[in-house]
Amino acid sequence: MDSWFEMISGAKKIMEKYSVKKIMEKYSVKTCGYCLEVQVDPKGHKVRMCKASKRQSRNGLHAWQEATIEDLAGATVPDEYRSMMRLDMGSPERDEVDLVA
């Protein structure tokens, strides 16, 4: 889990270095209020593919809202995804790059 926090802090540093806030102000970034989808566009798409549970009344439509930096890096991981996170992952070495799918 330490590597996860290290990655998040590194991502935030990169985002600050390249002034992602300025980019987000120039280009509209939206995130769904119910699922993890992010859209970079003036308005979100209308494809009915929101897979959030208990949202059948929305019939699969996303609920677009303005994104924050925490939505892009450093967001909390939902409990249903924690079991899928691998803690033993590492970056491939230069000679292993061709073997990575």
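First residue of the sequence shown? That's 1 in UniProt numbering, and the numbers climb one at a time after it.
The beta-carbon is built from N, C-alpha and C at its ideal position, and this holds for glycine as well.
Boundaries (first-last residue) of the alpha helix (DSSP H) holding residue i
| i | result |
| --- | --- |
| GLU70 | 69–72 |
| ASP79 | 79–82 |
Buried/exposed call for residue i, threshold 16 Cβ in 10 Å
| i | result |
| --- | --- |
| THR68 | exposed |
| HIS45 | exposed |
Residue i - DSSP class collapsed to helix/strand/coil
| i | result |
| --- | --- |
| GLU66 | strand |
| LYS22 | helix |
| LYS13 | helix |
Range covered by the beta strand (DSSP E) that runs through residue i
| i | result |
| --- | --- |
| VAL40 | 38–40 |
| CYS32 | 29–32 |
- Item | contact_flag[the segment 58–67, the segment 20–39] where n(CB pairs < 8 Å) is 3 or more | yes
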